[in-house]
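What follows is one structure encoded as structure tokens, with my remarks underneath.
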Amino acid sequence: MTLESVQTAVQTGPDAPPLSTAQVVARGRVRRTARRRWVIGVLAALIVLGYAVSLLVGQTFYSPAEVIGVILGQDVPGASFTVGRLRLPRATLAVLAGLCFGLGGVTFQTMLRNPLASPDIIGISSGASAAAAFAIVSLSISGTAVSALAIGAGLGVALLIYTLSFKGGVLGTRLILIGIGIAAMLDSLTAYVLSRAAMWDLQEATRWLTGNLNGVSWAQTVPVLVALVLLAPVLLGQSRNLSMSQLGDDTASALGVRVERSRLILIIAAVGLIAFATAAAGPIAFVAFLAGPIAARIVGPGVSLLVPAALVGALLVLVGDFLGQFAFGTRLPVGVITGVLGAPYLIYLIIRTNRAGGSL
Amino acid sequence: MTHTHTLAVQDLTLGYGDRTVIDGLDLVLPAGRITAIVGANACGKSTLLRSMSRLLVPRSGQVLLDGKQVHRMPAKELARTLGLLPQSPIAPEGITVADLVGRGRNPHQRMFSRWSAEDDEAVAAALDATDTASLADRSVDELSGGQRQRVWIAMALAQQTDLLLLDEPTTFLDVSHQVEVLDLLTDLNRSRGTTIVMVLHDLNLAARYADHLIALADGRVHAVGDPHEVLTEDTVQAVFGLSSRVLLDPTSGRPMMLPIGRHNVSVPA
Ligand SMILES: Nc1ncnc2c1ncn2[C@@H]1O[C@H](COP(=O)(O)OP(=O)(O)O)[C@@H](O)[C@H]1O
Ligand SMILES: [Mg+2]
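Residue numbers (our numbering), protein chains in the order written: chain A, 1 to 360; chain B, 1001 to 1269.
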């Protein structure tokens, strides 16, 4: 027996006929998609679990019956306020914002073929945050107008980086460096806006600088839900084009992708998601940046990362916020926890990029 | 796959920014034949190919596929007829061979459609034709240059187009792999009638494998036609600024160019 036939026999059993090429192709495809589906199932289950724990556990423990009562709109003494007004909107926003950051982040990273090209590294989140902080703290406006300003600023930053780094069609490290510079400028702008505020409020300040879910109400949560319902389907509709764009513009175009149009849709939808989430929760540090690479690690190469990255994002914010509230004796904003997770990875990537061109 | 399609270029002007690269070009690419495009570095060969697959919008003039402007055709419809393998395609990190070749099915799939048995068959046929079936589950990152190039060609084959444009498909390959790739493309042309248009750097291989040769210089066609008419000492001088001898290859009967540098020139006795 040749070595090859032995290997085939070991893999498929002694009596199985050798697989045809089409069967081998089908087998590889089924394996890839099965792993992705499995990962999505586990992540979704973990989110449900984390969400439940966030509603039940806190300064006071409420029983599942009490929590369900509150969700069904019954008047449960104590729980109606603590769970209904505090924990429920907060945990819901954690999940929704995490989904938005995960989707927006992995879209940019995949499109630009670089994990450093995430909206929270290249200044898009900083732009949205600066605009939201300015609107709320200096202009005292609230609601949809804040989100609109945040989107405007996010798109403005995206356009600015694109124009500054577009040189004969080559985007790359240049875009990232320009983005990092713009992010630093916008963050100091946010700090300036906050320092000029009539009343210095630490909660507000940490929200716009690193992201914070303290004191969140439904008024902040609902717009994020609306954005997600409207924009996530747009992104998912571009999922195949996004995967094709990894092959480079020339190949994607030759394979029937309308590259420019697809890129425009992806940028607008991703910036929209990031901006809405930022206007509600602040630029929760590194969630957009971490979700995609973590998802890529666990689902393996060659499958769409949009849904897995969204779920990883939600889990990061949910768990980060819970740990921030209860794990350290003092209440830490969620952005501090995710920031501590993300910083070492950022340093690792920058070191690696210096050696070779990075990719997701 | 026996439909013959004519691809033609009329008064085509292409450029980037305010630089003109291709200037008022007219060409007809013969259906069902192998055409090779040759020319000096940076003379616009890739630019021309990119425009033919509508990646680059013409400044003026048009690219016509069966009389229809390619820049007005729906993207996927064009991609089911005309394939392009770019000069330096990018493989996503960690992607497997079968997965990459499967990307060639994109123009045959709808936005949310499921992967069909037909797609698997097409990918398998492409792997078999390029002798890469044994690599199907391997990661593209791990392959040798020659294997990788065959995988890219397999991706273009999975697209099942009647016309295939290839930008320097043999660059970075050693001579035996170059010949292997060109033999593969010739098989494809002979067995399925696929029209092949390729940019080649090696003039001798171009003259050997092409039915039709196009020499570009300064954004224009310098010479076009049968390799015997195009590969001449004058053309080599005009297009590459190189003096040379052109002889007949005793094996194929095709013209063959020997460059003459400033050194190693012996005076005939
Ligand atoms: N994306 C681009 N932006 C600007 N100039 C380009 C671009 N691509 C190619 N060029 C320029 O156009 C000219 C022709 O390039 P190209 O078509 O790639 O040449 P060839 O393939 O014949 O070597 C070159 O001078 C090159 O620098
Ligand atoms: Mg070229």
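Here a beta-carbon is modelled for each residue, glycine too, at the ideal position from N, C-alpha and C.
Residue i: first and last residue of the uninterrupted beta strand (DSSP E) it sits in
i                : result
D1023 of chain B : R1019 to L1029
I1214 of chain B : H1212 to A1217
Y1016 of chain B : L1007 to Y1016
R1220 of chain B : R1220 to G1225
S1266 of chain B : Premise fails: S1266 of chain B is in no beta strand (DSSP E) and is neither H nor E.
S1060 of chain B : S1060 to L1065
D1167 of chain B : L1163 to D1167
A1036 of chain B : I1034 to G1039
V1199 of chain B : T1195 to V1199
G1083 of chain B : L1082 to L1085
P1255 of chain B : P1255 to P1259
Within-8 Å CB hit, residue i to chain A
i                : result
T1096 of chain B : yes
E1093 of chain B : yes
N1189 of chain B : no
N1106 of chain B : yes
I1090 of chain B : yes
K1076 of chain B : yes
A1154 of chain B : no
M1001 of chain B : A caution first: M1001 of chain B carries a pLDDT of 45, below 50, which makes its placement in the model unreliable, though a value can still be read off. No, M1001 of chain B lies away from the interface with chain A (no Cβ there is under 8 Å from its Cβ).
L1127 of chain B : yes
D1137 of chain B : yes
Q1159 of chain B : yes
T1251 of chain B : no
Under 8 Å from the C-beta of residue i: neighbouring residues of chain A
i                : result
P1086 of chain B : G248, D250, T251 and A254
L1055 of chain B : D249, D250, S253, A254 and V259
L1216 of chain B : Result: empty, since nearest Cβ-Cβ is about 19 Å, beyond 8 Å.
Listed by chain order, chain B residues near residue i by CB distance under 8 Å
i               : result
M111 of chain A : Going along chain B, no residue has its Cβ under 8 Å from M111 of chain A, so there is no contact; the nearest lies around 12 Å.
R29 of chain A  : A1098, D1099, G1102, W1115 and D1120
S20 of chain A  : A1124
C-alpha gap between residue i and residue j, whole angstroms
i                : j                : result
H1177 of chain B : G272 of chain A  : 49 Å
R1110 of chain B : P333 of chain A  : 44 Å
V287 of chain A  : L316 of chain A  : 7 Å
A191 of chain A  : G335 of chain A  : 16 Å
L1084 of chain B : R32 of chain A   : 27 Å
V1199 of chain B : L1065 of chain B : 19 Å
V137 of chain A  : D1137 of chain B : 56 Å
R1033 of chain B : P1250 of chain B : 23 Å
Q1087 of chain B : R1050 of chain B : 10 Å
S253 of chain A  : Q246 of chain A  : 11 Å
T1235 of chain B : L1182 of chain B : 23 Å
K1045 of chain B : A1223 of chain B : 14 Å
L116 of chain A  : A197 of chain A  : 33 Å
V303 of chain A  : P293 of chain A  : 13 Å
D1128 of chain B : S20 of chain A   : 10 Å
S1053 of chain B : P89 of chain A   : 51 Å
S262 of chain A  : P18 of chain A   : 42 Å
Residue-level contact to chain B via CB, residue i, 8 Å cutoff
i               : result
V10 of chain A  : Confidence in V10 of chain A is poor, its pLDDT being 46 and thus under 50, which makes the residue's placement too unreliable to answer from.
L301 of chain A : Rather than Leu, the amino acid found at residue 301 of chain A in this sequence is Pro. So, interface residue.
Terminal residues of the alpha helix (DSSP H) in which residue i lies
i                : result
Q220 of chain A  : W218 to G237
P89 of chain A   : L88 to M111
L215 of chain A  : With the sequence shown as reference, residue 215 of chain A is identified as Gly, and Leu is not the correct amino acid for it. No alpha helix (DSSP H) holds G215 of chain A; DSSP gives it neither H nor E.
A148 of chain A  : T144 to S165
L1248 of chain B : Not the alpha helix (DSSP H): L1248 of chain B falls in the beta strand (DSSP E), residues S1244 to L1248.
D1234 of chain B : E1233 to F1240
T278 of chain A  : V259 to A281
L1048 of chain B : K1045 to M1052
Contacts of residue i in chain B (Cβ-Cβ under 7 Å)
i               : result
A26 of chain A  : D1120
R368 of chain A : The question about residue 368 of chain A has no answer here: the residues shown for chain A are numbered 1 through 360.
M244 of chain A : R1103 and N1106
Contact set between residue i and chain A, taken where Cβ atoms lie within less than 7 Å
i                : result
R1050 of chain B : D250
D1131 of chain B : Per Cβ cutoff of 7 Å: no residues; D1131 of chain B is ~11 Å from chain A at best.
A1079 of chain B : A254, L255 and G256
Cross-chain neighbours of residue i in chain B, by beta carbon under 9 Å
i              : result
R32 of chain A : T1096 and D1099
Assumed close pair residue i, residue j - CB separation to whole angstroms, cut-off 8 Å
i                : j                : result
F1240 of chain B : A1098 of chain B : Actually they are not in contact, since the Cβ atoms of F1240 of chain B and A1098 of chain B sit about 41 Å apart, beyond 8 Å.
A276 of chain A  : A227 of chain A  : At residue 276 of chain A the sequence reads Phe, which differs from the Ala that was named. That belief holds up - the Cβ atoms of F276 of chain A and A227 of chain A are roughly 4 Å apart, short of 8 Å.
S126 of chain A  : D75 of chain A   : Rounded, the Cβ-Cβ distance is 43 Å, inconsistent with contact.
L266 of chain A  : L175 of chain A  : Incorrect: roughly 15 Å between the Cβ atoms, too far for contact.
D1011 of chain B : G1219 of chain B : About 13 Å separates the two Cβ atoms, so there is no contact after all.
Chain-ordered neighbours of residue i on chain A, where CB pairs are closer than 9 Å
i                : result
G1083 of chain B : A254 and L255
Heavy atom of ligand 3 within 7 Å of residue i beta-carbon
i                : result
V1199 of chain B : Summarising the ligand content, the structure contains ligand 1 and ligand 2 and does not contain ligand 3.
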